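Single-structure report; data block below.
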Amino acid sequence: MSLLTMSAQLAEGFLITVEIFVLTLLFSLPLGLIVAFGRMSGCKVIRIISKIYISIMRGTPLMLQIIVVYFAPFYVFRMQVGTGYRFLAVILAFVINYAAYFAEIYRAGIESIPVGQYEAAEVLGYSKAQTFVKIILPQVVKRVLPPVTNETITLVKDTSMAFTISIAEMFTVAKQIGAAQTSVLPLLAAGVFYYIFNLVVASFMEYLEKKTSYYR
């Protein structure tokens, strides 16, 4: 196999990795906020359900969750799913997993804001929605960015878990090429790709932290 062919195959795997990464963040970040609100809800039932969901998602391996999401439609509901469902199953598993982590990060950030700020906003005539959007949210964003950055960087590496149901992302493609060529070069190339990807993500998140440094 020529170097050009190997690079092309690795590039295809890298695109799959990027797709998993982007789609997971796109859906898990807002879902995590919804779950966080549920976790802090005044309704006991919603609060308990949210707490159980977070506990299960954080307390079981991501690999197991991917397997369950992929095989559950057939073994639980007797639904026939094709190979096209594999990628969707990976995205669903990643989203519900990371949403649980983001929910706890958001909750910690929101609850870290002093109660006095809510009271002051009420005195000034702000509604609850205005208080959250104009006063609380900017401060929460600043406080949660460091832990969100950590989870985002972890997500870059966790994308390799997609191999569980035979999704050919970067690491899987590198292993297949390495096995066929009896060479570690593809794995080293994949490692470099992951490292560069992590650097780009970390740099972007650091840029966001600097942009929000106004809020303390």
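Numbering (UniProt numbering), first residue to last: 1 to 216.
Backbone N, C-alpha and C define an ideal beta-carbon position, used for all residues, glycine too.
Since the model is a prediction, treat every value here as computed from it, not as a measurement.
{"Query": "Report yes if the C-beta distance between E151 and T159 is below 8 Å; otherwise report no.", "Result": "no"}
{"Query": "In the DSSP assignment, find the unbroken alpha helix (DSSP H) run with G191 in it and report its ends.", "Result": "L185 to K211"}
{"Query": "For R143 versus A103, is the C-beta spacing smaller than 8 Å?", "Result": "no"}
{"Query": "Under 8 Å, do M63 and T164 count as touching if we go by C-beta distance?", "Result": "yes"}
{"Query": "Using 8 Å as the Cβ pair cut-off and three pairs as the minimum, do the stretch 17 to 35 and the stretch 98 to 113 touch?", "Result": "yes"}
{"Query": "Give a yes or no on contact between the stretch 21 to 30 and the stretch 88 to 96, applying the rule of three or more CB pairs nearer than 8 Å.", "Result": "yes"}
{"Query": "Do V90 and I66 have their CB atoms nearer than 8 Å?", "Result": "yes"}
{"Query": "Between the stretch 6 to 24 and the stretch 166 to 182, do at least 3 Cβ pairs fall closer than 8 Å?", "Result": "yes"}
{"Query": "Between which two residues does the alpha helix (DSSP H) holding K51 run?", "Result": "K44 to G59"}
{"Query": "Pull up the CB-CB distance for K157 and Y194, whole angstroms please, since I reckon it's below 8 Å.", "Result": "7 Å"}
{"Query": "For the putative contact between G13 and A174, defined by C-beta atoms under 8 Å, what is the C-beta separation to the nearest angstrom?", "Result": "7 Å"}
{"Query": "Can you have a look at I110 and say buried or exposed, based on whether 16 or more other CB atoms are within 10 angstroms of its CB?", "Result": "buried"}
{"Query": "Where E209 and E122 are concerned, what is the direct C-alpha to C-alpha distance, given to the nearest angstrom?", "Result": "29 Å"}
{"Query": "Under 8 Å, do T5 and L155 count as touching if we go by C-beta distance?", "Result": "no"}
{"Query": "What did DSSP end up calling Q65 once you bin it into helix, strand or coil?", "Result": "helix"}
{"Query": "Does the beta-carbon of A162 have 16 or more other beta-carbons within 10 angstroms, so that it is buried, or is it exposed?", "Result": "buried"}
{"Query": "Can you have a look at R107 and say buried or exposed, based on whether 16 or more other CB atoms are within 10 angstroms of its CB?", "Result": "buried"}
{"Query": "Can the beta-carbon of T149 be found less than 8 Å from the beta-carbon of A99?", "Result": "no"}
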